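Reviewing the structure listed below.
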Amino acid sequence: MRVDAHHHLWHYTPEEYSWIDDAQQVLRHDFLLADIEREAAAAGVDASVAVQARQTLEETHWLLGLAAHSKLIQGVVGWAPLSADNFPAILAELRKNPLLRGLRHVVQGEPEGFLNAPRFNRGISALLGTGLTYDILIFPHQLPEATRFVDRHPAQFFVLDHIAKPDIRHNEFDSWNTAIRDLGRRENVTCKLSGLVTEADWNRWTPAQLYPYFDTVLDVFGPSRLMVGSDWPVLTVASNYSEWWRIVTEWIAPLSPTERAHIEGEVATRIYQLPTQQNPED
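By this note's numbering, the letter at position 165 of the sequence shown is numbered 1586, and the numbering carries on one by one without gaps.
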């Protein structure tokens, strides 16, 4: 089964998506369920995980509602106020929906030390025993802080989004390589191979520029802790859905069938606890 472990959906408004700047005008419109279902069908994707793009409970509930009526979306990584005093009550309510498979906060936009905050860590501790993952969205300079953060929660499952977003356009590699190898020693961290084309030069990138980063995370995490996500529609500033999957398919071709199956879908299915097969009568 091929699983897209990371895509977004949205009703676009400039106020709610202020991070979409003039250079990303291709993203300034709605991207809805029918759109991702069409893209996934063309690329042979069987299931997906929808991930938050706004930090609101409203969006989390909206994504869960879409997933309830979709054969494609098998899980949602939403947002919730992990630092709030009433987070346990919010979490209890969210968990009533079995399609919620994890939570994420946009830590890449937070100041240094955010992952050290006691209130935030208290929220992460509340996830223990729920079966929910926490997706880590950071930049490379935040990797050491993220490693210390993970060490405070050794029994919690974490997913590193976009391999920590190395600046491929400017050949950032050595410092990222060192830091991600340290994080990768933590067995409770899985890595998401996603979001790379948008870290390269949007107009001039080549697969050959991406593959050293692919190879590194394969070496660090191994096939049993590596999953693939499209980061659609964000990737459309530099590529398209089918092209991304073609690049991944070509890269994993030399691997064994078992290793390919891990990366293409089995890891995402296991970590996010997705259904192992879909009922054709649904």
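Note that the Cβ used here is the ideal one computed from N, Cα and C, for glycine as well. Note that the structure is predicted; figures quoted are calculated from it, not measured.
For residue i, report the span of its beta strand (DSSP E) as first-last.
| i | result |
| --- | --- |
| His-1427 | 1424-1428 |
| Asp-1451 | Where Asp-1451 is concerned, there is no enclosing beta strand (DSSP E), given that its DSSP letter is neither H nor E. |
| Gly-1465 | Run containing Gly-1465: none; DSSP gives neither H nor E here. |
| Tyr-1693 | Tyr-1693 -> no beta strand (DSSP E), and no H or E assigned at all. |
| Arg-1525 | 1521-1526 |
| Phe-1508 | Taken as a continuous stretch (DSSP letters only), Phe-1508 belongs to no beta strand (DSSP E), being part of the alpha helix (DSSP H) at 1508-1515. |
| Leu-1604 | Run containing Leu-1604: none in the beta strand (DSSP E); it sits in the alpha helix (DSSP H), 1595-1605. |
Could you check the C-alpha separation between residue i and residue j for me, to the nearest Å?
| i | j | result |
| --- | --- | --- |
| Asn-1592 | Asn-1609 | 28 Å |
| Gln-1630 | Val-1580 | 24 Å |
| Leu-1520 | Leu-1549 | 17 Å |
| Ala-1704 | Ser-1645 | Residue 1704 falls outside the range modelled here, since the chain spans only 1422 to 1703, and no answer is possible. |
| Val-1497 | Arg-1625 | 33 Å |
| Leu-1448 | Val-1658 | 7 Å |
| Gln-1495 | Asp-1582 | 18 Å |
| Ile-1668 | Val-1466 | 14 Å |
| Ile-1441 | Ile-1457 | 19 Å |
| Trp-1672 | Asn-1507 | 45 Å |
| Thr-1619 | Leu-1656 | 6 Å |
| Gln-1445 | Leu-1454 | 21 Å |
| Trp-1483 | Pro-1678 | 37 Å |
| Ala-1538 | Asp-1572 | 14 Å |
| Leu-1676 | Thr-1554 | 27 Å |
| His-1450 | Arg-1607 | 39 Å |
| Glu-1531 | Pro-1633 | 28 Å |
| Thr-1556 | Phe-1570 | Per the sequence shown, the amino acid found at residue 1556 is Asp instead of Thr. Spanning the two alpha carbons is a distance of roughly 13 Å. |
Can you tell me whether DSSP reads residue i as helix, strand or coil?
| i | result |
| --- | --- |
| Val-1658 | helix |
| Gln-1495 | strand |
| Ile-1557 | strand |
| Phe-1541 | helix |
| Phe-1579 | strand |
| Ala-1547 | coil |
| Gly-1666 | It is Trp, not Gly, that sits at residue 1666 in the sequence shown. Three-state DSSP puts Trp-1666 in a helix. |
| Leu-1647 | strand |
| Trp-1672 | helix |
| Ala-1585 | helix |
| Ala-1471 | strand |
Got a sec? Which residues, its chain only, sit under 7 Å from residue i by beta carbon, not counting five neighbours each side?
| i | result |
| --- | --- |
| Ile-1559 | Val-1528, Gln-1529, Ala-1567, Ala-1585 |
| Tyr-1438 | Trp-1431 |
Less than 6 Å between C-beta atoms, sequence neighbours within five positions excluded: which residues of the same chain meet that for residue i?
| i | result |
| --- | --- |
| Thr-1670 | none |
| Asn-1700 | Annotation note: pLDDT 39 at Asn-1700 (below 50); position unreliable, no value reported. |
| Glu-1680 | Pro-1644 |
| His-1683 | Pro-1644, Ser-1645 |
| His-1574 | Ile-1545 |
| Arg-1459 | none |
| Trp-1666 | Ala-1464 |
| Ala-1474 | His-1429, Trp-1431 |
Excluding the five sequence neighbours on either side, which residues of its own chain have a C-beta within less than 8 Å of the C-beta of residue i, listed in chain order?
| i | result |
| --- | --- |
| Ile-1511 | Leu-1478, Ala-1501, Pro-1502, Ala-1505 |
| Phe-1365 | For residue 1365 there is no data in the structure shown, the boundaries of the chain being 1422 and 1703. |
| Gly-1534 | Glu-1566 |
| Leu-1564 | Ala-1585, Trp-1597, Ala-1600, Ile-1601, Asp-1603, Leu-1604 |
Am I right that residue i and residue j are in contact with their C-beta atoms under 8 Å? What's the rounded C-beta distance?
| i | j | result |
| --- | --- | --- |
| Val-1472 | Arg-1525 | 6 Å |
| Val-1641 | Arg-1602 | 5 Å |
| Gly-1686 | Met-1422 | 4 Å |
Between which two residues does the alpha helix (DSSP H) holding residue i run?
| i | result |
| --- | --- |
| Leu-1484 | 1478-1489 |
| Val-1638 | 1628-1642 |
| Thr-1611 | Unbroken run through Thr-1611 is the beta strand (DSSP E), 1610-1614; no alpha helix (DSSP H). |
| Val-1571 | 1564-1572 |
| Arg-1681 | 1678-1682 |
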